[in-house]
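Step one of this worksheet: look at the structure below.
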Amino acid sequence: MYEGLCSERNRLRDARSSFSRQLGPLPVVAGISTGTIAVFARHVHTSWLLWVALGLLAVLVVVSILYSSVPAYRQIRARKETGWRERLVSRHGACLAAEAAERGLQIEDLLAPADWYRAMIELEREIYGRRARERSPLFVRPRRGAENLQDALDSERAGLYAVQFLFGLVIVALALTELIG
Numbered sequence: 214m215y216e217g218l219c220s221e222r223n224r225l226r227d228a229r230s231s232f233s234r235q236l237g238p239l240p241v242v243a244g245i246s247t248g249t250i251a252v253f254a255r256h257v258h259t260s261w262l263l264w265v266a267l268g269l270l271a272v273l274v275v276v277s278i279l280y281s282s283v284p285a286y287r288q289i290r291a292r293k294e295t296g297w298r299e300r301l302v303s304r305h306g307a308c309l310a311a312e313a314a315e316r317g318l319q320i321e322d323l324l325a326p327a328d329w330y331r332a333m334i335e336l337e338r339e340i341y342g343r344r345a346r347e348r349s350p351l352f353v354r355p356r357r358g359a360e361n362l363q364d365a366l367d368s369e370r371a372g373l374y375a376v377q378f379l380f381g382l383v384i385v386a387l388a389l390t391e392l393i394g
């Protein structure tokens, strides 16, 4: 069971990285495209569309930054471990916690194997998210305080879709600057 939870956690971490990895390059490519059209276009027929593209580029950069600010796995895990360790101390006693501290260990290092597995399963479920989701929402606002990996993944995925949509609008506006007129 524990290995299955760790595998699922790693799957979500990998999925998050594939979404978040794209949030940075898209604004750069859109900026290069906009700059190229602005500098090298000889006869921009509709300059207001170029300003629209620049405005969309600014929005795209802001959206990308907002959705890139979702906490990393290590931050989510650290937040969850704090409450989890407090529950371990209350469950297994302050004496065990004191012994662990005295020996330079964590309290979970002194647990019996069955108790260790139960504790680690509890932690993994906290990190992953208590409820499995059948479908992720299409739009999720940026979550700087994502509570678990599912929330973080949903936020980054929605951010990537928003950035891709804005990128498409920038390209359309740039194309129209040359075509309309």
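Counting in this note's numbering, the sequence shown runs from 214 upward without gaps.
Ideal placement from N, C-alpha and C gives every residue a C-beta, glycine not left out.
Asked: Reduced DSSP category for Ser230 - H, G, I as helix; E, B as strand; rest coil; Found: helix
Asked: DSSP state of Glu337 mapped onto helix, strand, coil; Found: helix
Asked: Beta-carbon gap between Ser233 and Ser281 smaller than 8 Å; Found: yes
Asked: Distance between Ala359 and Pro238 (C-alpha atoms, nearest Å); Found: 23 Å
Asked: As assigned by DSSP and simplified to three states, the class of Glu360; Found: coil
Asked: Residue range of the unbroken alpha helix (DSSP H) whose run includes Gly296; Found: 286-305
Asked: Nearest-angstrom beta carbon gap, Leu270 and Ala243 [assumed within contact, 8 Å]; Found: 5 Å
Asked: C-beta contact flag for Ala365 and Arg356 at 8 Å; Found: yes
Asked: Straight-line Cα distance separating Cys219 from Arg300; Found: 21 Å
Asked: Beta-carbon proximity check, Pro289 vs Tyr215, cutoff 8 Å; Found: For clarity, residue 289 is Ile in the given sequence; the question names Pro instead. No; because the gap between Cβ atoms is not below 8 Å, this pair is not in contact.
Asked: As assigned by DSSP and simplified to three states, the class of Ser220; Found: helix
Asked: Proximity below 8 Å, CB of Glu321 to CB of Ala332; Found: yes
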